[in-house]
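**Q** I'd like to ask you about the structure that follows.
In my numbering, the protein residues as written are 4 to 112.
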């Protein structure tokens, strides 16, 4: 099992989670973070750090977010999605997007 970043992260990209990750499994895209399933050790320390509750253990994913498991794996393997290990500022309009749902169409690859 692994942990999965859900649609709640799209257009927010808060990076509190990367500071606590002991194995540096987060990858950064233009407006989303993903977890590399090959690197995640299922420690769960990232879950409480996310201010928008975007991270779930795979077995706890809400039904409407099941598609994010495969998407996290796919995005983590894209050459442009590099490892992120230090917190940085969220996207400038993150607070405007943090409570919105159904954001998959906003994802930039």
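We treat Cβ as the ideally placed atom computed from N, Cα and C, and that holds for glycine.
Do the segment 14-29 and the segment 62-71 meet, that is, are 3 or more Cβ pairs less than 8 Å apart?
**A** The segment 14-29 vs the segment 62-71: no contact.
**Q** Quick one: residues in its chain with C-beta nearer than 6 Å to the C-beta of residue 37, no 5 flanking neighbours on either side, listed in chain order?
**A** 8, 30, 75, 78 and 79
**Q** One question on the structure: do residue 58 and residue 49 come within less than 8 Å of each other, judged by their Cβ atoms?
**A** yes
**Q** Pull the bridge partners of residue 30 from the DSSP assignment, please.
**A** 37 and 86
**Q** Buried or exposed, going by whether 16 or more other CB atoms sit within 10 Å of the CB of residue 32?
**A** buried
**Q** Tell me which residues share the same chain as residue 40 and place their Cβ nearer than 6 Å to its Cβ, disregarding the 5 neighbours each side in the sequence.
**A** 5 and 76
**Q** Between the alpha carbons of residue 70 and residue 103, how many angstroms are there, rounded?
**A** 18 Å
**Q** Output yes or no for whether 8 Å exceeds the beta carbon distance between residue 86 and residue 27.
**A** yes
**Q** Which class does residue 55 belong to by DSSP, given the choice of helix, strand or coil?
**A** Residue state, collapsed to three classes: coil.
**Q** Quick check: the Cα distance between residue 95 and residue 110, rounded to an integer number of angstroms?
**A** 16 Å
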